[in-house]
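In what follows, a single structure is set out as structure tokens and then discussed.
And the structure:
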């Protein structure tokens, strides 16, 4: 390590190569690699130390009997064997009893455990004589062709109305302000590097010359690491040796590389998606007061007074114009708006809905009629809380589903008489009232929901 500490190279790549070679040589010298064969056996979850000790005594008794062949040793061996069987049965019973009590509310874990116990294998629904390689290739080709067809459809029907709309609309531009320019990084000290290494997760791969835990405890390496970091920041380069990675190949072909968008599972996927759809809220705010977005699922909603006919027509016009501008933005960014999957919901009391003269809204070339109930993120939203046609389905799906059938996220909301959306208190009250109208046989009289319902009532 003397050359690395006394006369380190000035070139970044040479310095990193010297660092790796020196650490690897010393690590192999004092901790040389050894080859060892390890037999990996699947351990059952109920196996404990008492069982381990009993099985060890049983093996000793069996060896002694096989050598002596005496009746006394055979009786001793059978006693040890019966003891192991009793302990194993007791441990298994105790484990599954505790498992069922802890996961009484998780049906998935209970069913999976019962399938394992009864020896039921998972049926994937595929034909028995299926060519897996050809099947996987066909699936990949299907999605690639589907995306290609969507993009060709958008290119053929491409419109530039959104660009003209944005050019003709007065959009406030950001005022250019004088900001300080960033020209170079500040040099790090050895204390800074030591602090950063101490806070970082100590993970190691086979390309590392020495385990990260040993590097973090070796103070003699901090000056070298500090020099590498500062030299990289000054030159704006990253060491070539540290650009290498161990890649485990998966069942994938080069012909199925992603040509559009971001690969699934990419680390930058969430950030790039947020940047990609950041314009959506700006477009909605030009027409509607509120929007609710969750990933790729968006809901537009507006409130109006059903007694005032002008407010009703204004709400429909604002909704249709907003959807049309969203369609133009999506077409410019190669996204497809599926008109048939758009749902339209009116929320209010029976008296309020009776005053509304609205049978559809136009989305593209499709007329969307109001729906009595809509499902969003596994929650059911009803147009009217007195509608009992959906309560049986919600109650049969889950005992708590009836508590969440009233959700204030809808396309059009007639539940407010002041022109404002539902408030939080009104939403909670509506949810509890809906739960009161859908009694559950499993709900106790002293349950938490019953107490809250009593206070609200």
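Residue numbers (my numbering): 119 to 575. We treat Cβ as the ideally placed atom computed from N, Cα and C, and that holds for glycine.
Which residue spans inside the stretch 345–403 form an unbroken beta strand (DSSP E) run of at least 3? none
Check whether the stretch 381–391 and the stretch 159–176 touch, using three or more Cβ-Cβ pairs below 8 Å as the test. no
For the alpha helix (DSSP H) that residue 335 lies in, which residues bound it at each end? Looking at the DSSP string, residue 335 is not in any alpha helix (DSSP H), and its letter there is neither H nor E.
Does the stretch 429–448 come close enough to the stretch 478–486 that 3 or more CB-CB pairs lie under 8 Å? yes
Contact under 9 Å by Cβ, residue 501 with residue 466: yes
Return the bridge partner residues of residue 418 from the DSSP annotation. 409
Using C-beta distances below 8 Å, list every residue in its chain close to residue 130, excluding the 5 sequence neighbours before and after it, in chain order. 346, 349, 350, 353, 355 and 357
For residue 76 and residue 123, what's the separation of their Cα atoms in angstroms? No statement about residue 76 is possible, as the shown extent of the chain runs from 119 to 575 and does not include it.
Which of the three DSSP states, helix, strand or coil, is assigned to residue 165? coil
Would DSSP call residue 494 helix, strand or coil? strand
Quick one, are the C-beta atoms of residue 182 and residue 200 less than 9 Å apart? no
Taking the alpha helix (DSSP H) that residue 134 belongs to, which residues open and close that run? 130–148
Residues near residue 577 in its chain [Cβ-Cβ closer than 6 Å; skip 5 each side]: Here the chain has residues from 119 to 575 only, and residue 577 is not among them.
Candidates 251, 308 and 453: which alpha carbon is nearest residue 275's? 453
For residue 462, name the three-state secondary structure that DSSP assigns. strand
Could you compute how far the alpha carbon of residue 541 sits from the alpha carbon of residue 457? Unreliable placement is indicated for residue 541, whose pLDDT of 37 sits below 50; no coordinate value is reported for it.
So residue 414 and residue 494 are supposed to be a Cβ contact under 8 Å. How far apart are they, rounded? Residue 414 to residue 494, Cβ: 12 Å. No contact.
Express the C-alpha separation of residue 180 and residue 187 in angstroms, rounding to a whole number. 10 Å
Under 9 Å between C-beta atoms of residue 308 and residue 341: yes
If we call anything under 9 Å between Cβ atoms a contact, is residue 463 one with residue 476? no
Go to residue 273, then tell me how far its alpha helix (DSSP H) extends in each direction, as first and last residue. 250–274
Return the CA-CA distance between residue 216 and residue 237, expressed in angstroms with no decimal places. 21 Å
Starting from the Cα of residue 209, find the closest Cα among 166, 190, 234 and 218 and give me that residue. 166
Using a Cβ-Cβ cut-off of 8 Å (strictly less than) and excluding sequence neighbours within five positions of residue 321, which residues of its own chain qualify? 330
Supposed contact pair residue 315 and residue 301 - C-beta distance, whole angstroms, cut 8 Å: In fact, because the Cβ distance is near 27 Å, the residues do not count as touching under 8 Å.
Is any beta-carbon of chain D found at less than 9 Å from that of residue 353? Looking at the structure shown, chain D is missing, and only one protein chain is on hand.
Beta bridge counterpart(s) of residue 153 as assigned by DSSP: Note: residue 153 sits in no beta bridge, so no partner.
Residue 378 and residue 486 closer than 9 Å at C-beta: no
Taking the beta strand (DSSP E) that residue 218 falls in, what are its first and last residues? Run containing residue 218: none in the beta strand (DSSP E); it sits in the alpha helix (DSSP H), 189–220.
Which of helix, strand or coil does DSSP assign to residue 477? coil
Sort 152, 339, 145 and 461 by Cα distance to residue 327 and report the nearest one. 145
State buried or exposed for residue 222, treating a residue as buried only when at least 16 other CB atoms are found within 10 Å of its CB. exposed
Measure the alpha-carbon distance for residue 438 versus residue 426 and round it to whole angstroms. 19 Å
How long is the line joining the alpha carbons of residue 140 and residue 364, rounded to whole angstroms? 21 Å
Have a look at residue 234 and residue 434 and give me their C-alpha separation to the nearest angstrom. 55 Å
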